[in-house]
Amino acid sequence: MSYTEVLERKSEILKKTVETWILKENRDGLNRQEAHIYRNMLKELHQNEQELGTARDEEAGRQPDITAVESRN
Numbered sequence: 103m104s105y106t107e108v109l110e111r112k113s114e115i116l117k118k119t120v121e122t123w124i125l126k127e128n129r130d131g132l133n134r135q136e137a138h139i140y141r142n143m144l145k146e147l148h149q150n151e152q153e154l155g156t157a158r159d160e161e162a163g164r165q166p167d168i169t170a171v172e173s174r175n
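The opening residue of the sequence shown carries number 103 in our numbering; numbering runs sequentially from there.
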């Protein structure tokens, strides 16, 4: 399994987990600890998506566009 495939799988798992947290938030609300975990999951998802984009660019033999990377931050 390549690095890009690992990141894609991780992204799928994180998206499902975040979806579960959103449903819980809408249904019951989140306490402080749960809200903290939810925010960290979102941060991890965004970081993973950025790494995935970079890995795909490198796999395609391109240099990542600096302006696109800067605009994501």
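Glycine included, every Cβ here is placed at the ideal spot set by N, Cα and C.
Residue 125, buried or exposed, once every other Cβ within 10 Å from all chains shown has been counted against 16: To locate residue 125, count along the sequence shown from 1; it is residue 23. So residue 125 ends up on the exposed side.
C-alpha gap between residue 107 and residue 132, whole angstroms: As a working mapping, residue 107 is identified with position 5 in the sequence shown. As a working mapping, residue 132 is identified with position 30 in the sequence shown. In a straight line, the C-alpha of residue 107 is about 32 Å away from that of residue 132.
C-alpha distance - residue 157 paired with residue 147, whole-angstrom precision: Stepping through the sequence shown from its first residue, residue 157 is reached at position 55. Stepping through the sequence shown from its first residue, residue 147 is reached at position 45. In a straight line, the C-alpha of residue 157 is about 15 Å away from that of residue 147.
Span separating the alpha-carbon of residue 121 from that of residue 161: Translated into the one-based positions of the sequence shown, residue 121 becomes position 19. Translated into the one-based positions of the sequence shown, residue 161 becomes position 59. Cα to Cα, the separation comes out at about 29 Å.
Contact belief for residue 150 with residue 113 at Cβ below 8 Å, rounded distance in angstroms: For this step, residue 150 is matched to residue 48 along the sequence shown. For this step, residue 113 is matched to residue 11 along the sequence shown. Sure, about 5 Å apart at Cβ, within 8 Å.
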